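Residue numbers (UniProt numbering): 1 to 259.
Each residue gets a CB set at the ideal place from its N, CA and C atoms; glycine is no exception.
Quantities reported herein were computed from a predicted structural model and do not represent experimental measurements.
Please read the structure below before turning to the comments.
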């Protein structure tokens with residue numbers, strides 16, 4: 001479960017570093033900067049509106065040497081909490097803007113702290129908003145789009161609006177927005193110097209009046225090594241009354257973060 005949680009965050013964690021300015025495709029009818037803002041405003045308007053989500057996710061993991069697939073119960077209260085539970089409560093994850101906690105009955109371990117644990121493991125800053133946006137199909141790190149001349153148009157590809165972020169660091173980020181809904185079709189993060197690349201690809205489903213991810217596939221490569229994680233959202237319901245049962249069992253060994 002810990003490995004799944006770490007891989008779950010690979011894509012947006014990389015973007016947590018300072019990135020380059022962004023780029024998007026131009027039609028010639030308006031300036032590139034204006035078209036970027038038009039696409040971005042359409043995307044903001046497409047953000048799903050809800051209070052809670054409840055359902056299940058099927059998470060599959062494959063790194064070329066090991067593979068596993070696990071069904072998880074899934075609950076989310078927007079901007080407040082994300083909760084995951086393996087069958088029979090073998091493992092649980094509870095995440096809020098201030099806290100990351102999980103336990104695993106298979107090895108009798110637990111963690112109860114903040115995002116510094118995941119940040120320390122991956123060497124970059126993690127936060128709740130980025131994880132929530134990743135799960136909902138929203139673009140990550142929206143603050144870049146609020147700055148002047150930090151987003152640039154790339155040529156359209158397969159009828160998708162393409163935007164690339166460019167800044168001082170060598171990290172390159174490309175968003176591909178779907179033309180009919182302005183939802184994120186894919187996000188690509190590349191760090192050429194370290195030969196690292198992560199691509200998240202979405203397919204969507206209609207849940208009531210809200211468009212939410214049906215599948216999220218993340219492919220992360222580093223040199224010749226490749227890891228794939230696939231997340232399928234099933235039976236998602238909106239605005240149900242939910243709670244987040246979570247209690248760390250007594251006698252479990254705490255996972256600590258080295259200072």
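*Straight-line gap, residue 244 to residue 163 (C-alpha atoms, nearest Å)*: Locating residue 244 in the chain shown gives position 244, where the first residue counts as 1. Locating residue 163 in the chain shown gives position 163, where the first residue counts as 1. Those two C-alpha atoms are separated by around 37 Å.
*Okay, do the segment 99-116 and the segment 62-79 touch, 3+ Cβ pairs below 8 Å being the bar?*
no
*For residue 81, count neighbouring Cβ atoms within 10 angstroms of its own Cβ and tell me buried if that reaches 16, exposed if not.*
The sequence position of residue 81 within the chain shown is 81, counting from 1. Burial call: buried.
*Roughly how many angstroms lie between the CA atoms of residue 195 and residue 171, to the nearest whole one?*
Here residue 195 refers to the residue found at position 195 when the chain shown is read from its first residue. Here residue 171 refers to the residue found at position 171 when the chain shown is read from its first residue. Approximately 11 Å, taken between the alpha carbons.
*How about residue 213 and residue 137: are their beta carbons less than 8 Å apart?*
In the chain shown, counting from the first residue as 1, residue 213 sits at position 213. In the chain shown, counting from the first residue as 1, residue 137 sits at position 137. Going by C-beta atoms, residue 213 is nearer than 8 Å to residue 137.
*May I have the straight-line CA-CA distance separating residue 218 from residue 184, to the nearest angstrom?*
In the chain shown, the residue the question calls residue 218 occupies position 218. In the chain shown, the residue the question calls residue 184 occupies position 184. Distance between the alpha carbons of residue 218 and residue 184: 13 Å.
*So what's residue 46 in DSSP terms, helix, strand or just coil?*
Numbered from its first residue, the chain shown carries residue 46 at position 46. Correct three-state label for residue 46: coil.
*In its own chain, which residues sit with a C-beta less than 7 Å from the C-beta of residue 50, not counting the 5 before and 5 after it?*
Along the chain shown, read from residue 1 onward, the residue named residue 50 stands at position 50. Answer for residue 50: 78, 210, 238 and 239, listed in chain order.
*Check whether the Cβ of residue 104 lies closer than 7 Å to any heavy atom of the ligand ATP, and answer yes or no.*
Annotation note on the ligand ATP: not contained in the displayed structure, which lists no ligands.
*Measure from the alpha carbon of residue 174 to the alpha carbon of each residue in 98, 216 and 187, then state which is nearest.*
Along the chain shown, read from residue 1 onward, the residue named residue 174 stands at position 174. Ranking the options by Cα distance to residue 174, first place goes to 187.
*Roughly how many angstroms separate the alpha carbons of residue 114 and residue 95, rounded to a whole number?*
If you number the chain shown from 1, residue 114 lands on position 114. If you number the chain shown from 1, residue 95 lands on position 95. Roughly 9 Å between the two C-alpha positions.
*asked:* Given this structure, state the Cα-to-Cα distance separating residue 93 from residue 45, to the nearest angstrom.
replied: Here residue 93 refers to the residue found at position 93 when the chain shown is read from its first residue. Here residue 45 refers to the residue found at position 45 when the chain shown is read from its first residue. Rounded to whole angstroms, residue 93 to residue 45 spans 30 Å at the Cα level.
*Count the other CB atoms within 10 Å of the CB of residue 41; is the residue buried (16 or more) or exposed (fewer)?*
Within the chain shown, residue 41 is the residue found at index 41, counting from 1. Per the 10 Å Cβ criterion, exposed.
*asked:* If you reduce the DSSP assignment to three classes, tell me which class residue 177 lands in.
replied: In the chain shown, counting from the first residue as 1, residue 177 sits at position 177. Reduced to three states, the DSSP call for residue 177 is strand.
*DSSP three-state call for residue 241: helix, strand or coil?*
As a working mapping, residue 241 is identified with position 241 in the chain shown. If DSSP states are grouped into helix, strand and coil, residue 241 belongs with coil.
*DSSP three-state call for residue 26: helix, strand or coil?*
Translated into the one-based positions of the chain shown, residue 26 becomes position 26. Here the model assigns residue 26 a pLDDT of 40, short of 50, so the residue's position is not dependable, and the following value carries that caveat. In this structure, residue 26 counts as coil in the three-state DSSP scheme.
*Pick from 99, 232, 98 and 110: whose alpha carbon is nearest that of residue 91?*
In the chain shown, counting from the first residue as 1, residue 91 sits at position 91. Considering only alpha carbons, the answer is 110.
*Counted within 10 angstroms of its Cβ, other Cβ atoms place residue 116 as buried (16 or more) or exposed*: Numbered from 1 along the chain shown, position 116 holds the residue referred to as residue 116. By the 10 Å Cβ count, residue 116 comes out exposed.
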